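Engineer:
In my numbering, the protein residues as written are 2 to 297.
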């Protein structure tokens, strides 16, 4: 996924500078992670039922492998969060198969689950970012623009609310100016730490042009196959990541690892995850699974 990360990261930087300155088989049950109690389980929730239907073949294949069936049953027994997915602290207790056919079956199910077109499932459950943040970016109601510059016109017509919110915030504009001048993730972290009140507004506006205006008809003459595919299949999951600060920083950090010698990349990738929130890790993984499945 590193090459795709780098391609999307470079295009995002170009786009930000260009536009940002404008004004069912039963798989079994068991496992140690699932918990009881009165809360509805993930398997019984609307989200879980949608995933089971959308990924019926992968779920059935997992159920045919005892080790896979055990962890799947464990996950489906986890209490469901408000957004539909299993509670993360519970799901992490459901140890996935280490190798062999069971691991392959579980990986196939996990990939399908991440990409399942289920409105009842949030990419992550959160307050400011995640699935709700993605909707805030992607579902803006804007009127027609009178601008003739095709990129600014798209920004007006697709990103009007996030753009206005950022333009009305001195901290958001300061975060944007600082972001433009940053060469690496360490700089970004320091930059955002200096402008905490503008970070969320910046992240929401920064995610919008890449998601909605990255076409030859608007802001990018050559979006490239990586971004075209990602926007077609995984756009909501990417935006859900990009509106979470830790997830956005981890993306930038990991994209930079590709410039290193191959032998140094694993260490770099691991360091990029250190200290990140579970919310960010979950959002990044969901996007990554979708991207790898749909845009190999």
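Every residue gets a Cβ at the ideal spot worked out from N, C-alpha and C, and that includes glycine.
All values derive from a computational prediction rather than experimental measurement.
My output table needs one value for residue 81: the three-state DSSP class, helix, strand or coil.
Structural biologist: Indexing the chain shown from 1 puts residue 81 at position 80. Three-state DSSP puts residue 81 in a strand.
Engineer: Kindly indicate which residue of 247, 268, 282, 239 has the alpha-carbon position closest to the one of residue 136.
Structural biologist: In the chain shown, residue 136 corresponds to position 135, counting from 1. Checking every option, the nearest Cα to that of residue 136 belongs to 239.
Engineer: Mind checking who residue 42 pairs with in its DSSP beta bridge?
Structural biologist: To locate residue 42, count along the chain shown from 1; it is residue 41. Note: residue 42 sits in a beta bridge opposite 80.
Engineer: Out of 293, 71, 119, state which residue places its alpha-carbon closest to the alpha-carbon of residue 99.
Structural biologist: For the purposes of this step, residue 99 is identified with residue 98 of the chain shown, where counting begins at 1. Taking only the C-alpha atoms, the option nearest residue 99 is 71.
Engineer: Report the option in 69, 61, 41 whose CA atom is closest to the CA atom of residue 82.
Structural biologist: Along the chain shown, read from residue 1 onward, the residue named residue 82 stands at position 81. Comparing Cα-Cα distances from residue 82 to each of 69, 61, 41, the minimum goes to 41.
Engineer: Less than 6 Å between C-beta atoms, sequence neighbours within five positions excluded: which residues of the same chain meet that for residue 183?
Structural biologist: Translated into positions along the chain shown, residue 183 becomes position 182. Counting only Cβ-Cβ distances below 6 Å, and skipping sequence neighbours, we find 189, 192.
Engineer: If I follow the unbroken alpha helix (DSSP H) through residue 187, where does it start and stop?
Structural biologist: Start at 1 with the first residue of the chain shown, and residue 187 comes out as number 186. Taken as a continuous stretch (DSSP letters only), the alpha helix (DSSP H) holding residue 187 covers 186-195.
Engineer: What distance in whole Å lies between the Cβ atoms of residue 177 and residue 203, which are believed to be in contact at a cut-off of 8 Å?
Structural biologist: On the chain shown, position 202 is the one that residue 203 refers to. On the chain shown, position 176 is the one that residue 177 refers to. Their Cβ separation, rounded to whole angstroms, is 6 Å, which keeps residue 203 and residue 177 in contact under 8 Å.
Engineer: I need the straight-line Cα distance from residue 104 to residue 79, nearest angstrom please.
Structural biologist: On the chain shown, residue 104 is found 103 positions in, with the first residue counted as 1. On the chain shown, residue 79 is found 78 positions in, with the first residue counted as 1. If I take the Cα positions, the gap works out to 20 Å.
Engineer: Sorted by chain position, which residues of the same chain lie with C-beta nearer than 7 Å to residue 59's C-beta, five sequence neighbours on each side aside?
Structural biologist: Position 58 of the chain shown, counting from 1, holds the residue named residue 59. Hits under 7 Å: 109, 110, 113.
Engineer: Alpha carbon to alpha carbon, how far is residue 285 from residue 252? Give it in angstroms, no decimals.
Structural biologist: Within the chain shown, numbered from 1, the residue matching residue 252 stands at position 251. Within the chain shown, numbered from 1, the residue matching residue 285 stands at position 284. Their Cα atoms are separated by approximately 8 Å.
Engineer: Please report the distance separating the alpha-carbon of residue 295 from that of residue 218.
Structural biologist: For the purposes of this step, residue 295 is identified with residue 294 of the chain shown, where counting begins at 1. For the purposes of this step, residue 218 is identified with residue 217 of the chain shown, where counting begins at 1. About 24 Å.
Engineer: Given that a residue counts as buried once 16 or more other Cβ atoms are within 10 Å of its Cβ, and exposed if not, what is residue 32?
Structural biologist: Walking along the chain shown from the start, residue 32 turns up at place 31. At residue 32, the pLDDT of 40 sits below 50, so the modelled position is not reliable; the number obtained from the coordinates is stated separately. So residue 32 counts as buried.
Engineer: With a CB to CB cut of under 8 Å and the five nearest residues on each side skipped, what residues in its chain are close to residue 143?
Structural biologist: One-based indexing of the chain shown puts residue 143 at position 142. Result list for residue 143: 157, 158, 159, 160, 161, 162, in chain order.
Engineer: In or out: residue 212 buried (at least 16 other Cβ within 10 Å) or exposed?
Structural biologist: If you number the chain shown from 1, residue 212 lands on position 211. Label assigned to residue 212: buried.
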